[in-house]
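Residue numbers (the working numbering), protein chains in the order written: chain A, 1 to 157; chain B, 158 to 314.
Protein chains: 2
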Amino acid sequence: MQETEPRFDLIELLFFAYRDFTDDPDVLLNKLGYGRAHHRVLHFVHRNPGIRVSDLLGILKITKQSLGRVLKQLVDEDYIEQQHGPLDRRERLLFTTAKGKLLAQELSQLQTKRINKTIDLMPTGSDEIIRQFLYLMIDEKDRSDVVRLITKSTTKE
Amino acid sequence: MQETEPRFDLIELLFFAYRDFTDDPDVLLNKLGYGRAHHRVLHFVHRNPGIRVSDLLGILKITKQSLGRVLKQLVDEDYIEQQHGPLDRRERLLFTTAKGKLLAQELSQLQTKRINKTIDLMPTGSDEIIRQFLYLMIDEKDRSDVVRLITKSTTKE
DNA sequence: AAAAATACGTCAGTTATGTTGACTTATATT
DNA sequence: AATATAAGTCAACATAACTGACGTATTTTT
């Protein structure tokens with residue numbers, strides 16, 4: 001059996017980089033009594049206004065029950081609102097409220113700052129290499145879904 | 158207030174890439190009844206043979222009680238063994254057993270395969286850019302600690 | 001029109017992983 | 001001898017995930 005030399009450098013850098021990357025939002029979220037689960041839900045609703053519950057489940061890859069708990073809190077506290085689907089009334093389409101948009105922006109600002117500080121220190125063209133690396137690290141079967149998500153609405157307002 | 162344009166592309170790529178990156182080991186670990194916490198402990202003990210409990214706590218940034226629970230299982234099931242410190246007998250230095258080394262290797266093989274498959278598809282020199290990016294994403298205060306960890310023992314055997 | 005499928009929600013119980021706080025034991029340092 | 005340190009332990013709790021079963025509204029199929 002051929003043993004590939006382990007890439008401990010990248011394995012460990014990914015671990016530490018991701019930990020600090022998620023820590024900035026976590027600090028703000030904890031002040032509001034929210035966790036990372038709320039962040040993910042708010043983020044993807046913000047980025048995909050009118051997303052259906054079942055599509056959100058598909059993105060997050062969690063169960064309906066898990067989503068239900070955090071979604072209920074976000075709706076109760078007026079960060080997210082639900083509307084019946086115009087064609088199919090069974091659907092509950094999800095939107096961020098003004099309050100929700102603001103929080104989502106604050107959270108993405110924190111992460112954007114860390115990213116921009118980093119990119120600014122690197123050679124021109126690095127960001128394209130990094131995007132490509134992260135893209136190729138995703139399971140092949142999921143890549144087209146991710147591209148569709150990322151290239152979507154720039155959420156201008 | 159100046160609004161920086163949010164980097165949704167990198168924010169979301171990081172989310173999906175990290176999810177799939179950790180999913181490979183998770184599948185194997187679940188078969189053994191272990192979770193991600195066990196993985197982290199096993200990994201850092203494997204990479205730092207003879208590490209003290211308190212230093213491991215510093216790396217993982219969890220409490221003694223949390224570590225205690227998973228560490229006890231790994232010791233009981235013969236993946237990790239403890240030895241008294243030769244100079245200070247209060248210390249319990251941690252080592253992987255043969256069984257533990259094997260599992261740690263299998264887990265890092267899975268992650269290494271994903272990394273190498275990715276790097277192979279990219280232009281020469283990309284890995285240095287990626288390393289730099291991940292390094293600079295880490296909190297400045299922690300970078301020297303991380304470098305010390307990463308450049309350590311290549312765990313040859 | 002009736003039956004089946006779908007979208008969503010909910011109740012109840014479980015697991016994994018983290019937390020605080022208080023205390024113990026062994027050993028080293030002052 | 002007194003104090004500090006390294007590690008472990010007991011108890012209680014929080015969060016975020018899980019499974020399984022079931023209910024309700026609505027749409028689609030037969």
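We put the beta carbon where it would ideally sit given N, CA and C, even for glycine.
Residue i - DSSP class collapsed to helix/strand/coil
| i | result |
| --- | --- |
| ARG92(A) | strand |
| GLU238(B) | strand |
| ILE138(A) | coil |
| ILE51(A) | strand |
| ARG158(A) | Lying before the first or after the last residue shown, residue 158(A) is absent from chain A, which here runs from 1 to 157. |
| PRO166(A) | Any property of residue 166(A) remains undetermined from this structure, which presents chain A solely from 1 to 157. |
| LYS218(B) | coil |
| TYR175(B) | helix |
| LYS309(B) | coil |
| ASP145(A) | helix |
| THR124(A) | coil |
| THR97(A) | coil |
| LEU244(B) | coil |
Contacts that residue i makes with chain B (C-beta to C-beta distance below 9 Å)
| i | result |
| --- | --- |
| GLN109(A) | GLU160, THR161 and PRO163 |
Proximal residues of chain B, C-beta to C-beta of residue i below 7 Å
| i | result |
| --- | --- |
| LYS141(A) | Correct list: empty, because the minimum Cβ distance to chain B is about 10 Å. |
Chain B contact for residue i (CB, 8 Å cutoff)
| i | result |
| --- | --- |
| GLU12(A) | yes |
| PHE21(A) | yes |
| ASP9(A) | yes |
| THR118(A) | yes |
| ARG131(A) | yes |
| ARG47(A) | yes |
Short CB-CB distance (under 8 Å) between residue i and chain A
| i | result |
| --- | --- |
| ASP212(B) | no |
| ASN187(B) | no |
| LEU199(B) | no |
| THR220(B) | no |
| THR281(B) | no |
| ILE307(B) | yes |
Chain-ordered chain B contacts of residue i [CB-CB under 8 Å]
| i | result |
| --- | --- |
| VAL146(A) | GLU169, LEU170 and PHE173 |
| SER66(A) | Going along chain B, no residue has its Cβ under 8 Å from SER66(A), so there is no contact; the nearest lies around 15 Å. |
| LEU136(A) | LYS274, THR275, LEU278 and MET279 |
Closer than 9 Å at the beta carbon, the chain A residues around residue i
| i | result |
| --- | --- |
| ARG226(B) | Near ARG226(B) there are no residues of chain A at all, since even the closest Cβ is about 20 Å away, more than 9 Å. |
6 Å CB neighbourhood of residue i in its chain, flanking five on each side removed
| i | result |
| --- | --- |
| LEU149(A) | none |
Where residue i meets chain A, residues with beta-carbon distance less than 8 Å
| i | result |
| --- | --- |
| THR269(B) | THR4, GLU5, PRO6, ARG7 and ILE11 |
Own chain residues within Cβ distance below 7 Å of residue i, not counting five before or after
| i | result |
| --- | --- |
| LYS99(A) | ASP78 and TYR79 |
| ASP183(B) | ARG193 |
| ARG209(B) | GLU248 and LEU250 |
| THR97(A) | ASP78, TYR79, ILE80 and GLU81 |
- Query: Are at least three pairs of beta-carbons, each pair with one atom in the segment 187-199 of chain B and one in the segment 210-230 of chain B, less than 8 Å apart?
  - Reply: yes
Does the structure place the segment 103-110 of chain A close enough to the segment 27-34 of chain A that three or more beta carbon pairs sit under 8 Å?
yes
query = Is the segment 263-276 of chain B touching the segment 128-137 of chain A in the sense that three or more CB pairs, one from each, lie closer than 8 Å?
reply = yes
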